[in-house]
Amino acid sequence: MSDFPGPDDRAIDVAGWLERFASLLAAGRAEDVAGMFIDGGWWRDFLAFTGTIRTIEGGEDIVAMVKARAARTGAHGWSTDAAAGASEGFIHFETSLGEGRGYLRLEEGKAQTLLTTLHELRGHEMASGFRRPLGSESMGHGQTWKQALAAERAEIDHERDPYVLIVGAGQGGLALGATLRQLGVPCLLIDKWPRVGDQWRSRYNSLTLHDPVWYDHMPYLPFPESWPVYTPKDKMGDWLEFYASVFDLNVWGETECRHAAYDEAAGRWTVQIVRGGEVSELHPAQLVMAVGNAGFPNVPEFPGQECFAGEVYHSSAHPDGEGLAGQRVVVIGSNNSAHDIAMDLVLNGADATMIQRSSTHIVRQTTMTDVLMKPSYSQEAVESGLSTERADLRSAAYPIRLQEALNRVAWKVLHQSEAAFYDRLEAAGFLLDFGPDGTGIAMKYLRSASGYYIDVGASEMVADGRIRLLSGRGIARFVSDGIVLDDGTHVPADRVVLATGFGSMEQWVAQIMGPAMADRIGRCWGYGSGFGNDPGPWEGELRNMWKPTAQPGLWFMGGNLAQTRLFARYLGLQLKARQEGLEL
Numbered sequence: 002m003s004d005f006p007g008p009d010d011r012a013i014d015v016a017g018w019l020e021r022f023a024s025l026l027a028a029g030r031a032e033d034v035a036g037m038f039i040d041g042g043w044w045r046d047f048l049a050f051t052g053t054i055r056t057i058e059g060g061e062d063i064v065a066m067v068k069a070r071a072a073r074t075g076a077h078g079w080s081t082d083a084a085a086g087a088s089e090g091f092i093h094f095e096t097s098l099g100e101g102r103g104y105l106r107l108e109e110g111k112a113q114t115l116l117t118t119l120h121e122l123r124g125h126e127m128a129s130g131f132r133r134p135l136g137s138e139s140m141g142h143g144q145t146w147k148q149a150l151a152a153e154r155a156e157i158d159h160e161r162d163p164y165v166l167i168v169g170a171g172q173g174g175l176a177l178g179a180t181l182r183q184l185g186v187p188c189l190l191i192d193k194w195p196r197v198g199d200q201w202r203s204r205y206n207s208l209t210l211h212d213p214v215w216y217d218h219m220p221y222l223p224f225p226e227s228w229p230v231y232t233p234k235d236k237m238g239d240w241l242e243f244y245a246s247v248f249d250l251n252v253w254g255e256t257e258c259r260h261a262a263y264d265e266a267a268g269r270w271t272v273q274i275v276r277g278g279e280v281s282e283l284h285p286a287q288l289v290m291a292v293g294n295a296g297f298p299n300v301p302e303f304p305g306q307e308c309f310a311g312e313v314y315h316s317s318a319h320p321d322g323e324g325l326a327g328q329r330v331v332v333i334g335s336n337n338s339a340h341d342i343a344m345d346l347v348l349n350g351a352d353a354t355m356i357q358r359s360s361t362h363i364v365r366q367t368t369m370t371d372v373l374m375k376p377s378y379s380q381e382a383v384e385s386g387l388s389t390e391r392a393d394l395r396s397a398a399y400p401i402r403l404q405e406a407l408n409r410v411a412w413k414v415l416h417q418s419e420a421a422f423y424d425r426l427e428a429a430g431f432l433l434d435f436g437p438d439g440t441g442i443a444m445k446y447l448r449s450a451s452g453y454y455i456d457v458g459a460s461e462m463v464a465d466g467r468i469r470l471l472s473g474r475g476i477a478r479f480v481s482d483g484i485v486l487d488d489g490t491h492v493p494a495d496r497v498v499l500a501t502g503f504g505s506m507e508q509w510v511a512q513i514m515g516p517a518m519a520d521r522i523g524r525c526w527g528y529g530s531g532f533g534n535d536p537g538p539w540e541g542e543l544r545n546m547w548k549p550t551a552q553p554g555l556w557f558m559g560g561n562l563a564q565t566r567l568f569a570r571y572l573g574l575q576l577k578a579r580q581e582g583l584e585l
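Using the numbering used here, the first residue of the sequence shown is number 2, and each one after it goes up by one.
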């Protein structure tokens, strides 16, 4: 290993580190390259060196990666706009395939974290900026833009299979579709809802996004400056419909994907769909499941449920509390939807009871916005000159292992600084947790996307008793006028809302492609933390998300709006490379 940095090199800045790193990398001195990282340092790569989404951790793995991939990658032209003396900053480079971007953090002259990403494919750059279409190209063929688009859609309708079929026209599918449109990759999106955005419109009326606007921009088309901090659900649905129109996306509504099978010899899928009541087939080369980051609603059945005189339904089917004044409504569950629904019920005059069967992590929305996200995603960050794209790169430069460590420290501090808030909840009987290892909401989300509530007001209702809380107990059985808990408590109810979460993404694979394919693909989401619903082994990146899977031609696009914005580009580049026969 290299003895870099020496006694005089500990104050080396980003530019100095890059210069030496570039020299060693070009010379193929893998051990010396690894020596430029701290012990256990991280190199996180999105396509540029590994051709996939991967975190390389520690000197031994860095040596192996450099030996296997550096010469082929042909990285050169390393530069930074970091100030002289800076210990972290954005970097730029070129590879044999295209333009790269990234971020570097130094610790006493060595790299703590290095992020490298492939930003563009040379010769296949996105049609934006200086490469945007003129808008008048079709006129020479006697067609207006509208006529040319109609002709393209007619061809997809009757003659031509898309290269990429995206199942799901929510935020993930639309973001990927916009990426592929700009890359010139023929794609079609299908969705069971009649209109783009209908899934958002169908949710309970009080729903808003829990994350702030600066975190939730869609790629290539940010929200207007006057957009609300927390987006109402109908406004979000309308924005997605607008987004699909702006990017001329080909979307078939009221279309269901029934079955898909891959033809290894032909290198394409046979996908059976039902559109407008008619069954037909499509034959894309690439199939993307963009159905969110969850599976089907978990709808448990309880003894005696058939005897209950009221209504029982899953939270995903709950419209809102309007018209329920005076009704006794039991909400089973204590995560985001359970709290949102219970609060809405109270505001509409219903008598709401929450059944909390296990502990839940609570984070106040103000803490998310004003503390955790403020350095990168806030008006202050924007005013400081930090663009959303740069904020995303800087955030991505924290590998998951380091995120765990940083969140553990942050939540130890927040638990103490907000002790009065948490003490009131516990005094009301609420079962709190901060994750099995004290890492809070961020890691709960990456591990299982469950087990937490971003408090927008319901916690105060729990604390002061407006939402009745029964915690640490399960459901023994239903009776005609309510439910009986496992300690014998009788809870009267006119209706019961099952805020019992959702299954895993693999359920979609099993339903559409069969159990054998689901077994082959394995788990989706989670990174192998070893906690709860995220068993090991450690993988360091989310399983099967935005990268090749065990099945050629099958991809997964999901996550929150920030993940959608970040990873749409990298999944789009992988699909474009395959269309062009380029090996990443």
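Glycine included, each C-beta is placed from N, C-alpha and C at the ideal position.
Asked                                                                                                               : Found
Inter-residue Cα distance where the pair is Val-480 and Leu-426                                                     : 30 Å
Cβ distance (whole Å) where Trp-253 is taken to contact Leu-189 below 8 Å                                           : 7 Å
Rounded straight-line distance, which links the Cα of Ser-360 to that of Leu-433                                    : 5 Å
Nearest-angstrom beta carbon gap, Met-374 and Tyr-216 [assumed within contact, 8 Å]                                 : 6 Å
Opening and closing residue of the beta strand (DSSP E) in which Asp-264 lies                                       : 256-264
Opening and closing residue of the beta strand (DSSP E) in which Trp-587 lies                                       : Because the chain here runs from 2 to 585, residue 587 falls outside it and cannot be looked at.
Proximal residues to Pro-134 (C-beta, below 7 Å), its chain only, five neighbours per side dropped                  : Ala-128
Contact test: Ala-519 Cβ vs the ligand ADP heavy atom, cutoff 7 Å                                                   : Among the components of this structure there are no ligands whatsoever, and the ligand ADP is therefore not found.
Range of the contiguous alpha helix (DSSP H) that encloses Pro-516                                                  : 516-522
Cβ-based burial, His-159 [other Cβ within 10 Å; buried from 16]                                                     : exposed
The segment 269-281 / the segment 243-258 touching (three or more Cβ pairs under 8 Å)                               : yes
C-beta atoms of Gly-389 and His-218 nearer than 8 Å                                                                 : Reading off the sequence, residue 389 comes out as Thr, not Gly. For Thr-389 and His-218, yes; Cβs fall inside 8 Å.
Cβ-based burial, Gln-417 [other Cβ within 10 Å; buried from 16]                                                     : exposed
Beta-carbon proximity check, Arg-402 vs Asp-438, cutoff 8 Å                                                         : no
7 Å Cβ shell around Gly-582 - same chain, five flanking residues per side excluded                                  : none
Residue interval of the alpha helix (DSSP H) (run including Asp-217)                                                : Taken as a continuous stretch (DSSP letters only), Asp-217 belongs to no alpha helix (DSSP H), as it is neither H nor E.
Outcome for Lys-234 when other beta-carbon atoms lying within 10 angstroms are tallied against a minimum of 16      : buried
Nearest-angstrom Cβ-Cβ length linking Leu-122 and Gly-99, presumed shorter than 8 Å                                 : 5 Å
Neighbourhood of Glu-584 by C-beta, 7 Å cutoff - its chain only, sequence neighbours within 5 removed               : none
Any chain C beta carbon closer than 8 Å to Ala-179                                                                  : Among the protein chains of the structure shown there is no chain C, as only one such chain exists.
Per-residue DSSP class, three states only, for Arg-409                                                              : helix
Close-in-space but distant-in-sequence residues of the same chain around Val-313 (CB under 6 Å, 5 per side omitted) : Val-497
Assigned exposure category for Ala-310 - 16 Cβ within 10 Å defines buried                                           : exposed
Alpha-carbon spacing of Gly-171 relative to Ala-291, whole angstroms                                                : 7 Å
Helix, strand or coil at Pro-8 [DSSP, three-state]                                                                  : Summary for Pro-8: the model assigns pLDDT 43, below 50, so the residue's position carries little reliability; its value from the coordinates is reported in the next sentence. Reduced to three states, the DSSP call for Pro-8 is coil.
Three-state class that DSSP yields for Leu-576 in the structure shown                                               : helix
Option nearest Glu-265 by Cα separation, candidates Gly-90, Cys-258, Leu-250, His-284                               : His-284
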